[in-house]
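Reviewing the structure listed below.
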Amino acid sequence: MSVTRSGLSEEREQILDAADRYAREQLAPLAPRMDEEEWWPDDAFRALGKEGFLGVTVPPELGGAGLDLFASGLVCQAFGRWNHAFALSWIAHENLCLNNILRNANDEQRERFIPGLCDGSAIGCLSLTEPGAGSDALGSMASTAKRDGDEYVLNGRKMFITNGSVADLTLLYAKTEPGKGAHGISAFVIEMASPGVSVTQKLVKMGFRGSQTTELAFEDVRVPVANRIGAENEGVVCVMSGLDLERALIAPICVGVAERALELTIEFARTREQFGEPIGNFQMIQSRIADMHALVETARTYNYHCLAQLNDLPPGQGGRGWAHKLSATSILYAANSMNQVVDHAVQVHGGNGYIWETEINRLFRATKLLEIGAGTTEVRKLIIAQELLKN
Amino acid sequence: MKILVCLKQVPHQDARLDVNGDGTWIKEDGIKFEINSYDTYALEEALRIKDAGEAEVVVASIGPDRVTQALRTALGMGADRAVHVNDAACQGSDALGIAKTLAAIAKEESPDLILMGLMSDDGNASAVPPMVAELVGMPSATAVVATERSEGNIRVERELEGGAVEVVDVPTPCLLAVQSGLNQVRYASLKGIMAAKKKPLDVKTAADLGVADAVGTAGAKVKIEKIYQPLRGEGAEILSGSTDEIVSSLMNKIKELGLL
Ligand SMILES: Cc1cc2nc3c(=O)[nH]c(=O)nc-3n(C[C@H](O)[C@H](O)[C@H](O)COP(=O)(O)OP(=O)(O)OC[C@H]3O[C@@H](n4cnc5c(N)ncnc54)[C@H](O)[C@@H]3O)c2cc1C
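If you're matching them up, the sequences are chains A and B in order.
Under our numbering, the first residue of the first sequence carries the number 9, and numbering increases by one thereafter.
Under our numbering, the first residue of the second sequence carries the number 3, and numbering increases by one thereafter.
Here it is, written out as structure tokens:
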């Protein structure tokens, strides 16, 4: 993809280019079948691990690339251009699970879980949302973990979990002291092969198809105390700072999708002829393309700003204050921009854009999810306004 | 063992190319560049030899500041060292000027093997590799599609017209100009990109290499007169009607032209 004058440093430009080449050659060819059949490419994570695209933020001693959050965002942007469903699964593994464990676990846990997540032999997911707990994930959480000697006994259901049916590990939140609300929640790493863990539904989606979205059930699952991440009842710190980083990192998917939609639209406007000339000659088409460009540029630039600011966020920080507001703003704007861009794109493509199997239609069906996952548009606005209005 | 890989940075495969104002080259402003695709196979071949045992891989390129990016990418893929001839005087060089500059680098480095791409995606001349070989006095083979190394020799398969293959033995040191598809080119890994920051990248001028007289438009024996997009030809015909009508009139045309 030829995006120029990105404002990135030479090294970051190279990271984006390397990921772009990988995604274009290896991930784009998987996209049509993933979209058609909700099919999951079993070998893809191992291949990614082999090429060094897992564990971007992980120190080399633990098997990672030793780079930063910004680099992770660039990989996500490149993957988003060529296979956004795969980018979503990558984020669930790489950021929601792996990076959260890296930031919040102790050394023993890091050594136990992280190398496998970096080489792709293990896939990760994050289990927060429940059938009855979405936007109010903490307050309405019904999953419980009761201490029993050296173990906890976990019971509950988790909903809309990305990678749930293909994961080996999940980072999961459950109430360890139900009476204490958000301050009675703890974080655990659960091995998906443990007795009592089951996939109760594979959900069929309108977009991001192929990324596996599941409902999970946990019935009397015994979890060693050594798998609790952080202190008991202090899971909220992990959730909230993790969510800020997740928002910062989901926005690049929007940027990638929008960039690709713009590229396809420019190409179409140049080559499709009506009334004896390319439709790109018509001012109404030009107007849409100019709007799309402005949305792509501003969403990308603001997201880069957000990634740069959050790059060195210390563990335990975030979940409130400037970082909270910044990441919510970035994803609010990026998701909204992407929705507008894909809408313009299909209009310029006319009937071709409405046909399911075209790439532009697949991009169009990416609309909405990124206004819902990682906190809805409404929740993002609540965060921003609360931060602005507080004394 | 030392291997020299010569790379050219060319416009990105997706870049939209427009001819410049005086019609002598393309507008380079605002387009993205990448390593010439043929050269990536040459680099991969060198890195495979490195992976298999002891070899130092040196990459060299000629061009403006932007070329640093191509060299850093090559270092990120695993090359050990880079030489960048960054000199405004080199602009407008012909193939011979480029070959003399690369040959001067080769003389300084005295590699056991020089690997290059068969041609460049933009210039398409295939002229530079044999010239370099001649200037440094090395035997060479072009259009290489397979290699097999033994003591003092490389047996190469060359692609000929019509899919035929020629097998030749080339004594080392030698220069090979490789065809695309020779191997599966690796990706620059994120770790590799980080490691590349610390690898040496020497910047030189034509004068440093003693080739100041040979380069640039002044030194060029071949000058580009004009570059243009071929005019749209007449004679394209769009068939219309129902599918059956289109098919039968298409069949008639093919028969008329004696193609069936
Ligand atoms: C494809 C997909 C993948 C997902 N992946 C994961 C995953 O990997 N892990 C995980 O834990 N979760 C995941 N989720 C869950 C996602 O985070 C939730 O869907 C999201 O948080 C919203 O929750 P909900 O769907 O229950 O909607 P609800 O919370 O029920 O919201 C319904 C509507 O009410 C609005 N609303 C709610 N509260 C308020 C309020 N106070 N003020 C104003 N409006 C309000 C919402 O904005 C929304 O418009 C995924 C979801 C999808 C669709």
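Built from N, CA and C at the ideal position, the CB exists for glycine as well.
- Interface criterion not met: the Cβ of Gly326/A is under 8 Å from no Cβ in chain B.
- In the three-state DSSP reduction, Tyr341/A falls in the helix class (H, G or I).
- With respect to Ala179/B, Thr144/B sits close: the two C-beta atoms are nearer than 8 Å.
- In the three-state reduction of the DSSP assignment, Val245/A falls in the helix class.
- Here the distance from the Cβ of Glu386/A to the nearest heavy atom of ligand 1 is below 7 Å.
- Contact of Gln71/B with chain A is assigned, a C-beta pair being separated by under 8 Å.
- When the five nearest sequence neighbours on each side are left out, the beta carbons in the same chain lying within less than 8 Å of the beta carbon of Pro323/A are those of Arg111, Asn112, Ser249, in order along the chain.
- With respect to the 8 Å criterion, Asn163/A and Ile131/A are not classified as neighbours on the basis of their beta carbons.
- It is roughly 12 Å from the alpha-carbon of Ile287/A to the alpha-carbon of Arg296/A.
- Within the same chain, Leu77, Phe78, Gly81, Ala256 come within 7 Å of Leu315/A by CB-CB distance, once the 5 residues on both sides are set aside.
- Taking 8 Å as the threshold, the shortest C-beta distance from Phe87/A to chain B does not fall below it.
- Inter-residue distance for His14/B and Ala90/B is about 22 Å (C-alpha atoms, whole angstroms).
- For the stretch 33 to 84 of chain A, the continuous alpha helix (DSSP H) assignments of 4+ residues that do not extend past its boundaries occur at 39 to 45, 52 to 58, in sequence order.
- Residues of chain B with a Cβ closer than 8 Å to the Cβ of Pro68/A are, in chain order, Lys193.
- Chain-ordered listing is empty here: chain B has no CB closer than 8 Å to the CB of Leu253/A, the nearest sitting near 18 Å.
- Residue state for Ser63/B is assigned as strand, using DSSP reduced to three classes.
- Contact between Leu253/A and Asn103/A holds, with the beta-carbon distance rounding to 6 Å and staying under 8 Å.
- Around the beta carbon of Arg308/A, 16 or more other beta carbons sit within 10 angstroms, so the residue counts as buried.
- Contact annotation, Leu146/A with Val244/A: C-beta distance approximately 7 Å; criterion of less than 8 Å satisfied.
- Runs of the beta strand (DSSP E) lying entirely within the stretch 183 to 242 of chain B and spanning at least 3 residues, in chain order: 203 to 206.
- For the C-beta of Gly65/B, not a single chain A residue is nearer than 8 Å; the gap to the nearest is close to 15 Å.
- When DSSP states are grouped into helix, strand and coil, Ala84/B belongs to the strand group.
- Using a CB distance below 8 Å, the part of the stretch 57 to 83 of chain A facing chain B consists of Glu59, Gly60, Phe61, Val64, Pro68, Ala73, Gly74, Leu75, Ala79, Val83, ordered along the chain.
- Apart from the 5 residues on each side of it in sequence, Val7/B sits with its Cβ closer than 6 Å to the Cβ of Ala44, Leu45, Ala48, Val61, Leu117 in its chain, given in chain order.
- Under the three-pair Cβ rule at 8 Å, the stretch 162 to 169 of chain B does not count as touching the stretch 131 to 140 of chain B.
- Between Ala86/A and Ala36/A, the gap from beta carbon to beta carbon reaches 8 Å or more.
- A Cβ-Cβ contact shorter than 8 Å links Val213/B with Ala106/B.
- Chain order gives the chain B residues near Arg29/A as Tyr189, where near means a beta carbon separation below 7 Å.
- Straight-line measurement puts the Cα of Asn360/A at about 7 Å from the Cα of Thr366/A.
- DSSP, reduced to helix, strand and coil, places Thr178/A within a strand of the structure shown.
- A contact is defined here as three or more CB-CB pairs under 8 Å, and the stretch 147 to 163 of chain B fails this definition with respect to the stretch 81 to 96 of chain B.
- DSSP places Pro173/B inside the beta strand (DSSP E), whose first and last residues are 167 to 173.
- Taking the Cα positions, Ala95/A is about 42 Å away from Ile240/B.
- Rounded to whole angstroms, the gap between the alpha carbons of Leu377/A and Leu272/A is 21 Å.
- Around the beta-carbon of Asn347/A, 16 or more other beta-carbon atoms lie within 10 Å, marking it buried.
- Contact between Gly218/B and Gly99/B is confirmed by a C-beta separation of about 7 Å, below the 8 Å threshold.
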